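Structure first, commentary second.
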Amino acid sequence: MITKPKGCHDIYGIEAKKWKYISNLMDAVCERYNYEFIRTPIFESSELYHRGVGESSDIVTKETYDFVDRGDRKMTLRPEGTAGVVRSYIENKMYGDSKQPIKLYYNGTMYRYERPQSGRDRELTQFGVEVLGSDDPMIDAEVISMAVNIYKLVGLKGIKVNINSLGDKESRNHYRQALVEYFQPHIDEMCDDCKNRLEKNPLRILDCKVDGDSELMKNAPKIIDYLNEESKERFDKVQKYLDLLDIEYVVNPRIVRGLDYYDHTVFEVEAMVEGFGSQNVLGAGGRYNGLVKELDGPEIPGMGFAMGIGRLMLAIEKEEIPLPIDNSIDAFVMYVSDTEKDYATTLVQELRMNGFKVDTEYTGRGLKAQFKQADRLNSKFLIILNDEDLKNNEIKVKNNITKEEQLVELDYLMYYLDEMLSMDDESYDCGCEDHEHKCHCHDEGDDAIKF
Ligand code: HAM
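One gets the numbering used here by counting positions in the sequence shown from 1 and adding 1345 to each.
Structural data, given as structure tokens:
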């Protein structure tokens, strides 16, 4: 048997419906914030990630899926979305559009050659946003609040937002120097990765998973003490806007992020859910004011975040959040004879073209087994075809919940179903354990979102 590659998942059945629900919710949130969808290639030239994400990030040095195509070009499966979006912004000269900032969002698979474990995959799906063309701290707060509000709308309770500022180039240079001076005398106590980082990007030492909890790390200089006045003021403004937006956060000087393109604001949203495991960063992002220039574009600032949908699904599962998934169909068309089957063939098409969610029998089951199949599909109504009824231009419709049956005139079937289903909507079971009838916990109140 051929099995799926390590660190990849097949998403199907109810799980796929949950993913679709979450994706639709994200689309709806982006509509509200006026972000536009962007789709970029799943592979790009390797150079984009080396220059964009950075030579000192684990993602590029250890985790990319690289290949040489048949034209001898070095290609890489995208490990993240920001570099591709920025490449597209530059290549398509979006900076020339007068409606700056350009606010974009994406939802797609990324590839990282990681050691797989729960919440850490080799094929991962990220939802992300990027705002290009505004350095206003208000955008930083908007992007952070957008991530937080998505988690809130999903119904997640246990989240913690950590923010930090890496400051501008000048601040980071001072800080880098301070870190080198601090860590240099202890180089022998550090892991091999950190020895390398000391040379390439000492900030990344603070992100170390091996030495992370050591005293040496705890007493390391903090970036906040090295921010120049301008960077400090900017960070204060981000916090002011977050306060205005009522977003709770913690300033955590240890947040430095694993990608090289960040400056100023960086943030991570942590899952504070029991039993979640070590891969508890649900989403993360920050400002990257130098990236567009680094990739040969004009000097244009950027800010964004990405969240792993797989990790979000894990959090939903751990917090036992009931998603309002409609796992039912409107009607199941049943038949026995060949003429009834011919009629069923055209009827299901007609119903579907008129907006009903309809299914029928395809495996030769007898009538009794078709009733069971209709139950398996959670069919609200049964349309039971019968040659005699059809001769009289009638059709039997059974409410599969109340079990009431009605002979309906053929010409009247659509209206009848429509009317019955809109009445039935009021008592439809959303699958939420707490609610016998339609659960409104996801669609009422100030946060109500329709999609
Ligand atoms: P990142 O921190 O590398 O940032 O990834 C963002 C999120 O993707 C993580 O918080 C996590 O939820 C998810 N993720 C990352 N790696 C894995 C994995 N191996 N398995 C499962 N989920 C994973 C970025 O990718 C930046 N591009 C974010 C950004 C956008 N910054 C600015 N704009």
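Glycine included, C-beta positions come from ideal geometry on N, C-alpha and C.
None of the values given here were measured: they were computed from a predicted structure.
- Under DSSP, TYR1456 shares a beta bridge with GLU1468.
- Excluding residues up to 5 positions away in sequence, MET1679 and GLU1706 lie with their Cβ nearer than 7 Å to the Cβ of GLN1715 in the same chain.
- Here the stretch 1384-1393 lies against the stretch 1425-1438, with 3 or more beta-carbon pairs under 8 Å apart.
- DSSP, reduced to helix, strand and coil, places ARG1632 within a strand of the structure shown.
- Between the alpha carbons of GLU1664 and GLY1500 lies a distance of about 9 Å.
- The three-state secondary structure of GLU1515, taken from DSSP, is helix.
- Non-local C-beta neighbours of ASP1732 in its own chain, meaning closer than 8 Å and more than five positions away in sequence, comprise SER1682, THR1684 and GLU1685, ordered along the chain.
- Scanning GLN1694, GLY1709 and GLY1711 for the CA closest to the CA of VAL1703 turns up GLN1694.
- The Cβ neighbour count for PHE1472, taken over all protein chains shown within 10 Å, is at least 16; the residue is labelled buried.
- For MET1759, the CB contacts under 6 Å within the same chain, skipping 5 residues up- and downstream, are ASN1699 in chain order.
- Relative to the non-hydrogen atoms of the ligand HAM, the Cβ of PHE1472 never comes closer than 6 Å to any of them.
- Between the stretch 1634-1648 and the stretch 1518-1531 there are fewer than three C-beta pairs closer than 8 Å, too few to call the two in contact.
- Counting along the chain, SER1724 sits inside the beta strand (DSSP E) bounded by residues 1724-1729.
- GLU1644 has its alpha-carbon roughly 16 Å from the corresponding atom of SER1443.
- Contact holds between the stretch 1579-1588 and the stretch 1474-1491, because three or more Cβ pairs, one in each stretch, are under 8 Å apart.
- Around the CB of PHE1701, 16 or more other CB atoms lie within 10 Å, so the residue is classed as buried.
- Between the stretch 1433-1443 and the stretch 1458-1467 there are fewer than three C-beta pairs closer than 8 Å, too few to call the two in contact.
- Between ILE1489 and PHE1580, the gap from beta carbon to beta carbon reaches 7 Å or more.
- Note on MET1617: under 16 other CB atoms within 10 angstroms of its CB, so exposed under the neighbour-count rule.
- For the options VAL1626, ILE1746 and ILE1359, the alpha carbon positioned closest to that of TYR1496 is the one of VAL1626.
- Only residues of its own chain outside the window of five on either side were considered, and among them LYS1448 have a CB closer than 7 Å to the CB of ASN1379, listed in chain order.
- Distance from the Cα of ASP1570 is smallest, within the candidate group ASN1541, LEU1524, GLU1534 and VAL1555, for LEU1524.
- Going by C-alpha positions, GLY1399 is about 21 Å away from GLY1453.
- At the C-beta level, GLY1603 and ASP1537 stay beyond 7 Å of one another.
- Secondary structure at SER1463: coil, using DSSP grouped into helix, strand and coil.
- Distance from the C-beta of ASP1732 to the nearest heavy atom of the ligand HAM is not below 6 Å.
- The DSSP assignment places 1608-1616, 1626-1632 and 1647-1653 as complete runs of the beta strand (DSSP E) inside the stretch 1600-1678, in order along the chain (cut-off: 3 residues).
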